[in-house]
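Sequence positions in the sequence shown follow UniProt numbering and run 1 to 94.
All residues carry an ideal CB built from backbone N, CA and C; glycine is no exception.
On a predicted model such as this, the values are computed, not experimentally measured, just so you know.
Notes to accompany the following structure.
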Amino acid sequence: LASGFTTSNGSFLLKGHEWEISNIDPVLKIFHKCNDKGIPCERIWPIALPAKYITFGSEQPSKIMDIGILNLEVVLFRESRECVVNRQQHSTDY
(Lines of atoms letter the chains of each structure in order from A and count residues from 1; the text may use other names and numbers.)
(Lines give C-alpha, C1' and ligand atoms only; values in the text may rest on other atoms or scores of the structure.)
Protein backbone atom coordinates (compact mmCIF):
# COMPACT_ATOMS: atom_id res chain seq x y z
CA LEU A 1 0.00 0.00 0.00
CA ALA A 2 2.63 2.57 1.05
CA SER A 3 6.09 2.88 2.57
CA GLY A 4 8.16 5.79 3.82
CA PHE A 5 10.73 7.09 6.26
CA THR A 6 10.61 9.45 9.22
CA THR A 7 11.83 13.03 9.07
CA SER A 8 14.74 14.24 11.22
CA ASN A 9 12.30 14.89 14.08
CA GLY A 10 10.74 11.41 13.83
CA SER A 11 7.44 12.38 12.23
CA PHE A 12 5.99 10.65 9.18
CA LEU A 13 2.96 10.71 6.90
CA LEU A 14 1.83 7.71 4.88
CA LYS A 15 -1.03 7.52 2.42
CA GLY A 16 -1.70 4.37 0.47
CA HIS A 17 -4.42 2.85 -1.61
CA GLU A 18 -5.23 -0.53 -3.02
CA TRP A 19 -8.08 -1.77 -5.16
CA GLU A 20 -9.36 -5.07 -3.79
CA ILE A 21 -12.52 -7.07 -4.30
CA SER A 22 -12.49 -8.23 -0.68
CA ASN A 23 -11.77 -6.37 2.56
CA ILE A 24 -8.19 -5.47 3.44
CA ASP A 25 -6.50 -5.64 6.84
CA PRO A 26 -3.73 -3.01 6.63
CA VAL A 27 -0.87 -3.15 9.11
CA LEU A 28 1.62 -0.37 9.83
CA LYS A 29 5.06 -1.94 10.29
CA ILE A 30 7.63 0.22 12.06
CA PHE A 31 11.22 -0.91 11.41
CA HIS A 32 13.78 0.41 13.91
CA LYS A 33 16.98 -0.36 15.84
CA CYS A 34 16.19 1.53 19.05
CA ASN A 35 17.46 -0.08 22.27
CA ASP A 36 18.53 -3.25 20.44
CA LYS A 37 21.87 -3.59 22.29
CA GLY A 38 23.77 -4.50 19.10
CA ILE A 39 21.51 -7.37 18.06
CA PRO A 40 21.65 -7.68 14.25
CA CYS A 41 18.72 -6.74 12.02
CA GLU A 42 15.84 -4.36 12.60
CA ARG A 43 13.06 -4.63 15.14
CA ILE A 44 9.57 -4.63 13.62
CA TRP A 45 6.50 -3.28 15.36
CA PRO A 46 3.29 -4.38 13.61
CA ILE A 47 0.32 -2.10 14.31
CA ALA A 48 -3.07 -3.10 12.87
CA LEU A 49 -4.97 -0.10 11.55
CA PRO A 50 -8.56 0.26 12.83
CA ALA A 51 -11.32 -0.15 10.23
CA LYS A 52 -12.53 3.44 10.74
CA TYR A 53 -9.35 4.65 8.97
CA ILE A 54 -10.05 2.59 5.84
CA THR A 55 -11.91 4.46 3.11
CA PHE A 56 -13.79 2.41 0.51
CA GLY A 57 -14.18 3.51 -3.10
CA SER A 58 -11.76 6.46 -3.05
CA GLU A 59 -8.03 7.16 -3.00
CA GLN A 60 -8.66 10.13 -0.67
CA PRO A 61 -8.85 9.14 3.01
CA SER A 62 -11.98 10.21 4.87
CA LYS A 63 -10.21 10.10 8.24
CA ILE A 64 -6.56 10.56 9.26
CA MET A 65 -5.05 8.46 12.05
CA ASP A 66 -2.72 10.21 14.51
CA ILE A 67 -0.50 7.48 15.93
CA GLY A 68 0.87 9.85 18.58
CA ILE A 69 4.30 9.55 20.15
CA LEU A 70 5.77 6.07 20.52
CA ASN A 71 8.63 5.08 22.82
CA LEU A 72 10.58 2.62 20.67
CA GLU A 73 12.62 1.38 23.65
CA VAL A 74 9.69 -0.80 24.72
CA VAL A 75 9.68 -4.44 23.57
CA LEU A 76 6.26 -5.33 22.16
CA PHE A 77 4.75 -8.77 22.64
CA ARG A 78 4.29 -9.28 18.86
CA GLU A 79 7.59 -7.68 17.90
CA SER A 80 9.87 -9.50 15.45
CA ARG A 81 13.15 -8.89 13.60
CA GLU A 82 14.06 -8.77 9.94
CA CYS A 83 17.34 -8.33 8.10
CA VAL A 84 17.05 -6.23 4.94
CA VAL A 85 20.15 -5.08 3.08
CA ASN A 86 18.51 -2.14 1.28
CA ARG A 87 15.10 -1.05 2.59
CA GLN A 88 14.35 1.16 -0.45
CA GLN A 89 15.00 -1.76 -2.77
CA HIS A 90 12.48 -3.89 -0.86
CA SER A 91 9.95 -1.17 0.04
CA THR A 92 7.15 -2.81 -1.96
CA ASP A 93 7.34 -5.87 0.31
CA TYR A 94 5.92 -4.00 3.32
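Per DSSP, what are the beta-bridge partners of residue i in this structure?
{"i": "glutamate 52", "result": "The question names glutamate, but residue 52 in the sequence shown is lysine. Paired residue(s): none; lysine 52 is not in a bridge."}
{"i": "leucine 28", "result": "Ile47"}
{"i": "glutamate 82", "result": "Glu42"}
Would you check if the distance between the CB atom of residue i and the CB atom of residue j is smaller than 8 angstroms?
{"i": "isoleucine 54", "j": "isoleucine 30", "result": "no"}
{"i": "isoleucine 44", "j": "glutamate 82", "result": "yes"}
{"i": "valine 84", "j": "glutamate 42", "result": "yes"}
Relative to the C-alpha of residue i, which residue among the options is closest?
{"i": "valine 27", "options": "Ser62, Ile47, Thr6 and Gly4", "result": "Ile47"}
{"i": "threonine 80", "options": "Asn71, Lys33, Gly57 and Pro61", "result": "Correcting the residue identity first, residue 80 is serine in this sequence and not threonine. The residue with the shortest Cα to Cα distance from serine 80 is Lys33."}
{"i": "glutamine 60", "options": "Ala51, Lys15 and Asn9", "result": "Lys15"}
{"i": "proline 50", "options": "His17, Phe77 and Met65", "result": "Met65"}
For this session: Determine contact between the segment 6-21 and the segment 36-54, defined as no fewer than three beta-carbon pairs at a distance below 8 angstroms.
Result: With the cut-off at 8 angstroms, the segment 6-21 and the segment 36-54 do not touch.
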